[in-house]
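For the sequence shown, numbering that gives the first Met the number 0 gives the first residue as 0, with consecutive numbering after it.
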Amino acid sequence: MTNLASLLTDTADRHPERTAIVIGDMRLTYAQLNQYSDFLAAALAARGVGPGDKVALTCPNLPYFTIAYYAILKAGGTVVPLNVLLKGREVAYHLADSDAKVHLCFEGTDDLPMGREGLAGFEATDGCEHFVVITADLNAASPFEGHPTLMQVIGEGMSAPVPAVEVADDDTAVILYTSGTTGQPKGAELTHANMRSNALTSDRLFGADADNPDTYLCVLPLFHSFGQTVIQNSAVAFGGTIVMLPRFEAEAALQLMAKEQITFFAGVPTMYWGLLGVLDDSGVDVQALAERLRVAVSGGAALPVEVHREFERRFGVTILEGYGLSETSPVASFSKFGEPARVGSIGPVIPDVEMKLISPQPGEWSEVAAGEVGEIAIKGPNVMKGYYKRPEATAEAIKDGWFRTGDLARVDDDGWYYIVDRTKDLIIRGGYNVYPREIEEVLLTHPDVSLAAVIGVPHDTHGEEIKAVVIKNPGSALTEDELVAWGKEQMAAYKYPRIVEFRDSLPMTATGKILKREL
């Protein structure tokens with residue numbers, strides 16, 4: 000069977016009593032997880048969900064996300080995970096664009112009213128036929144009159160569970176919406192083969208072993224491809240335990256790592272920065288954490304060199320940096336497990352995947368000369384089949400199986416890649432190309448700088464000027480002029496930031512990426 004849900008059914012057959020999910024005091028075995036998803040799959044099928052039908056899922060990191068995810072797949076449907084921060088208007092867009100038939104939506108909280116926003120989006124959408132409420136207390140009544148709770152729907156399927164629908168490898172399993180840095184978000188269609196192949200590389204990438212399974216801390220949002228593949232699907236494929244934390248808070252994450260004896264941590268760079276920031280005041284036994292922590296993975300954005308080195312110094316664990324996009328399921332390259340780190344590198348291409356550097360000019364697909372910076376292009380079983388209902392956008396992004404990423408990189412003689420920057424983030428100052436990541440790396444070596452984001456702002460004569468938005472270390476008296484003067488000493492005249500702005504925080508996505516477009 001090629002259905003992505005076979006990752007769960009196979010593990011439940013082999014290890015039914017093994018713990019699959021932990022959240023608070025709740026523990027679900029693989030047998031329970033599989034059974035709940037069977038019941039929900041049957042209920043979805045009774046509501047008309049069949050092969051090819053889209054089901055939207057809005058839920059934070061809770062067991063209900065994983066239950067629903069595999070249930071939709073078992074019914075033959077396509078999962079459309081939605082960002083939990085979306086507002087009603089945005090929800091309506093995603094439901095309409097994806098042709099969703101059902102929306103499974105968490106009730107939310109006062110701080111995160113996703114249920115109300117989800118219902119507003121549902122009511123504004125033609126074609127989405129069912130709105131099902133996921134309540135925090137599974138025995139609670141529905142807070143939205145006329146719309147059943149997840150537990151009520153699961154109950155409907157208990158009497159007649161059905162086997163998972165068989166699908167073709169190239170049938171769409173998941174539609175992941177890109178962040179929409181330009182224009183409206185686009186839905187990347189990822190097939191059962193795409194997602195399954197990426198999850199099953201965990202043994203070769205991270206040393207995953209079904210006979211000695213890992214315990215994963217799940218702080219990456221599961222609606223995002225990084226959390227879905229590297230945590231959820233990989234853990235399920237190899238019989239690991241997923242310890243869920245609905246919202247990342249650095250101190251809570253450290254305490255949970257200690258309590259549940261986490262062996263596998265994956266996060267974006269700002270999460271590592273956050274962990275280091277609270278480490279001394281957390282009260283956790285860092286040495287004990289380090290002895291248990293087997294793998295630390297970073298992705299989603301470039302990892303600052305200073306953060307990499309400090310984490311290794313404090314934890315004794317080398318962060319393995321990788322690279323990928325929603326369109327590539329997501330992992331495309333990864334540092335080699337068990338080998339010395341090459342700080343700043345996203346590693347070589349993963350098994351069965353190809354990568355090359357091409358001209359960053361739109362419409363140009365020729366490879367750049369050896370040693371030159373180029374745009375990363377990727378080909379392999381992890382590459383999406385296209386953007387849903389957008390043939391023109393698909394044709395621009397994919398040619399002869401090669402997907403162009405929009406990321407600029409260089410490659411060394413051993414085939415290890417180094418991200419230079421996003422093509423869209425590139426600053427052109429007075430005719431010179433300036434890569435923000437390079438400037439950020441230098442700024443982070445200043446003893447008073449905790450975090451920095453560099454952007455280009457309009458300038459009358461230079462075209463663009465370089466601006467740094469900076470978070471200072473606590474207690475620092477550093478001034479803007481002092482940091483500009485320091486930068487002038489450290490960097491070439493066309494590179495250093497002439498404008499500095501200090502802030503207490505930086506705008507970030509739900510996945511922890513800095514939102515440069517907002518800056």
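Backbone N, C-alpha and C define an ideal beta-carbon position, used for all residues, glycine too.
Residue burial classification, residue i (beta-carbon count within 10 angstroms, cutoff 16)
| i | result |
| --- | --- |
| residue 365 | exposed |
| residue 179 | Interpretation of residue 179 is limited by its pLDDT of 49, a score under 50 that renders its predicted location unreliable; no figure is taken from the coordinates. |
| residue 25 | exposed |
| residue 266 | buried |
| residue 231 | buried |
| residue 227 | buried |
| residue 504 | exposed |
| residue 4 | buried |
| residue 388 | exposed |
| residue 37 | buried |
| residue 350 | exposed |
| residue 50 | exposed |
| residue 368 | exposed |
| residue 456 | exposed |
| residue 282 | exposed |
| residue 181 | Residue placement at residue 181 is flagged as unreliable, the pLDDT there being 46, under the threshold of 50; a coordinate-derived value is accordingly withheld. |
Opposing strand residues paired with residue i [DSSP bridges]
| i | result |
| --- | --- |
| residue 391 | DSSP, once it has assigned bridges, lists no residue as partnering residue 391. |
| residue 21 | 26, 242 |
| residue 14 | According to DSSP, residue 14 bridges with nothing at all. |
| residue 93 | Paired residues: none, contrary to the question. |
| residue 400 | Answer by DSSP bridge pairing: none, since residue 400 is not bridged. |
| residue 154 | The partner list for residue 154 (beta bridge, DSSP) is empty, contrary to what the question assumes. |
| residue 130 | 102 |
| residue 501 | 469 |
| residue 189 | 173 |
| residue 450 | 470 |
Cα-Cα separation, residue i to residue j
| i | j | result |
| --- | --- | --- |
| residue 20 | residue 164 | 24 Å |
| residue 429 | residue 484 | 20 Å |
| residue 29 | residue 481 | 57 Å |
| residue 67 | residue 191 | 16 Å |
| residue 508 | residue 218 | 14 Å |
| residue 83 | residue 409 | 35 Å |
| residue 159 | residue 103 | 21 Å |
| residue 41 | residue 110 | 33 Å |
| residue 362 | residue 395 | 7 Å |
| residue 449 | residue 496 | 16 Å |
| residue 70 | residue 201 | 23 Å |
| residue 129 | residue 136 | 21 Å |
| residue 489 | residue 441 | 8 Å |
| residue 405 | residue 301 | 14 Å |
| residue 263 | residue 256 | 9 Å |
| residue 398 | residue 390 | 12 Å |
| residue 524 | residue 342 | Coverage of the chain is limited to positions 0 through 518, which leaves residue 524 absent and any answer about it impossible. |
| residue 195 | residue 6 | 8 Å |
| residue 9 | residue 31 | 14 Å |
| residue 115 | residue 87 | 8 Å |
| residue 444 | residue 372 | 24 Å |
| residue 222 | residue 492 | 43 Å |
| residue 254 | residue 2 | 37 Å |
| residue 498 | residue 272 | 24 Å |
| residue 52 | residue 43 | 10 Å |
| residue 285 | residue 143 | 45 Å |
| residue 321 | residue 291 | 22 Å |
Beta-carbon proximity of residue i to residue j, cut-off 8 Å
| i | j | result |
| --- | --- | --- |
| residue 518 | residue 468 | yes |
| residue 234 | residue 244 | no |
| residue 400 | residue 384 | no |
| residue 464 | residue 402 | no |
| residue 126 | residue 96 | no |
| residue 519 | residue 323 | Outside the displayed span of the chain (0 to 518) sits residue 519, for which this structure offers no information. |
| residue 289 | residue 316 | yes |
| residue 167 | residue 175 | no |
| residue 149 | residue 134 | yes |
| residue 145 | residue 45 | no |
| residue 90 | residue 56 | no |
| residue 407 | residue 359 | yes |
| residue 152 | residue 100 | no |
| residue 336 | residue 206 | yes |
| residue 216 | residue 242 | yes |
| residue 239 | residue 13 | no |
Cβ of residue i within 8 Å of any chain C Cβ
| i | result |
| --- | --- |
| residue 477 | Absent from the structure is chain C; it holds one protein chain and no more. |
Query raised in the report: Could you give the uninterrupted runs of the beta strand (DSSP E) lying entirely in the segment 306 to 341, keeping only those of 3 residues or more?
Result: 318 to 323, 330 to 333
Query - Runs of alpha helix (DSSP H) wholly within the segment 221 to 270 (minimum 4 residues, chain order) - result: 233 to 236, 249 to 258
Report task. Could I get the ranges of all uninterrupted alpha helix (DSSP H) runs contained in the segment 406 to 443, with 4 residues as the minimum, in chain order? Result -> 435 to 442
Requested in this report: Within the segment 453 to 491, note down every full beta strand (DSSP E) run reaching 3 residues or more, in order along the chain.
Outcome: 462 to 471
Report task. Quick one: which unbroken beta strand (DSSP E) runs of 3-plus residues sit fully inside the segment 42 to 84? Chain order, please. Result -> 53 to 57, 77 to 80
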